[in-house]
Every structure is written in structure tokens, then in C-alpha cells.
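In what follows, a structure is listed as C-alpha cells, so that the remarks can point back to it.
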Amino acid sequence: FKRERKALPAMALHANTSALTAIANDYDYSDVFVRQIEAFGRPGDVLIGLSTSGKSANVLKALDYAKKKGLKTIGFTGRKADTMSSLCDVLLSVPSEDTPRIQEVHMLWGHIICGLVEDGLFDERK
8 FKRERKALPA MALHANTSAL TAIANDYDYS DVFVRQIEAF GRPGDVLIGL
58 STSGKSANVL KALDYAKKKG LKTIGFTGRK ADTMSSLCDV LLSVPSEDTP
108 RIQEVHMLWG HIICGLVEDG LFDERK
């Protein structure tokens with residue numbers, strides 16, 4: 008992220024368009040993340056689910072599956088997140104219903120988390 012360091016494993020589950028298309032066609036669009044977590048997720052891994060509305064079926068299903076499989080779950084959402092809150096070990100909710108503002112805050116939180124992970128794992132001052 009900000010420092011020269013050894014690589015860490017991470018996957019953006021939305022980025023593989025071939026997998027998304029195949030899973031959506033062969034199963035259901037609500038399974039596009041669950042199927043990937045089934046293949047790659049391991050207990051102790053962390054899943055970060057983003058849903059501006061807190062109601063995205065594919066994100067909710069992924070958080071539920073990940074939690075049952077032993078992954079830690081973090082949710083980023085907007086103001087209304089009743090369903091999402093029960094599926095997340097940590098829920099970060101923007102007190103707004105303005106989609107662009109919510110997404111801007113989510114980006115900021117992502118950068119903050121990356122910085123904290125780097126500091127926690129690679130800070131030589133410890």
C-alpha cells in the first residue's frame with residue numbers, strides 16, 4: 008500500500024469477469040461471491056463486503072457463508088444495514104443515504120485499513 012514490503016495475499020472477488028459470468032449463468036447472480044469463497048476462503052481469512060444499501064443479495068449471502076465457514080467478516084454500508092449487521096463481526100456504517108458520499112467514505116476506510124494492516128504487520132519500530 009504505502010511501504011516497500013513483502014507481498015500479502017488478497018483477492019478482489021468482483022474482478023474476475025469470467026468467474027462472475029460463469030457462476031451467474033450456471034448458478035445464480037446471488038452466488039457469485041459465495042462460490043469463490045467456497046473455493047478460496049479459509050478459516051481466519053477476512054472478507055470485506057461492501058453494500059451501499061446494505062441489501063445486496065450477493066454480498067449478504069457471501070457474508071453469511073463466510074461467517075459460517077470461519078472467516079472474519081467486515082461490512083461497509085450506508086445508514087440502513089439491519090440484515091448486514093448480524094452477518095458482520097465488524098460493521099462500518101456511513102450515516103447517510105447519499106450513494107456517492109457513502110462510497111467515498113468506503114474508499115477512505117479501505118485506505119485506512121490497508122495502512123493499519125501494514126503498520127501492524129511491518130512496522131519496524133515495534
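Per our numbering, numbering of the sequence shown is gapless, rising by one per residue and ending at 133. Backbone N, C-alpha and C fix where the C-beta goes; we use that ideal spot for every residue, glycine too.
The region 76 to 86 makes no contact with the region 15 to 31: fewer than 3 CB pairs, one atom from each, lie closer than 8 Å. By the beta-carbon neighbour count (other beta carbons within 10 angstroms, threshold 16), G56 is buried. Excluding its 5 nearest sequence neighbours in each direction, S103 has C-beta neighbours in its own chain below 7 Å: G85, R86, I109, listed in chain order.
Counting along the chain, the unbroken alpha helix (DSSP H) around L115 starts and ends at 106 to 129. Counting along the chain, the unbroken beta strand (DSSP E) around S100 starts and ends at 97 to 100. I81 is positioned such that its CB atom lies no closer than 8 Å to that of V101. Proximity to V66 across G51, R49, I44, P50 peaks at I44, based on C-alpha coordinates. Taking the C-beta atoms as reference points, E125 is found nearer than 8 Å to F8.
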